[in-house]
Amino acid sequence: MTSPSLIRRLGRLEAGRPASAPVLSPSEREEVTREYADSLEDLEEMSEAERAYFAATTLHQLAADYDQILRGAPAPWVGR
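Structure representation (structure tokens):
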């Protein structure tokens, strides 16, 4: 069962989404593409514990764990 607070947060996210994709000029597209590529290089490597967690956890459990993380609980893979 998904928590009511998660459902409310998802509803707010959906309400805040633009109805259509923004129209970008070619130069804006190039800039956004460059920023995205740069952001990929900044990603941290996942630990073995994180990999194991994401490989073995159901979507339902991920949502429940994420809800707990937002309430201040440590990530489930911490201390594994």
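Numbering (the UniProt record's numbering), first residue to last: 1 to 80. Even glycine gets a Cβ: it sits at the ideal position worked out from N, Cα and C. Owing to the predicted nature of the structure, the values given are computational and were not obtained by experimental measurement.
Between the stretch 15 to 28 and the stretch 38 to 58, the count of C-beta pairs closer than 8 angstroms stays below three; the two stretches do not touch. Per DSSP, G11 is one residue of the alpha helix (DSSP H) stretching across 4 to 16. By a beta-carbon distance limit of 8 angstroms, A49 contacts W77. Their separation comes to about 4 angstroms. A75 and L10 have their C-alpha atoms roughly 20 angstroms apart.
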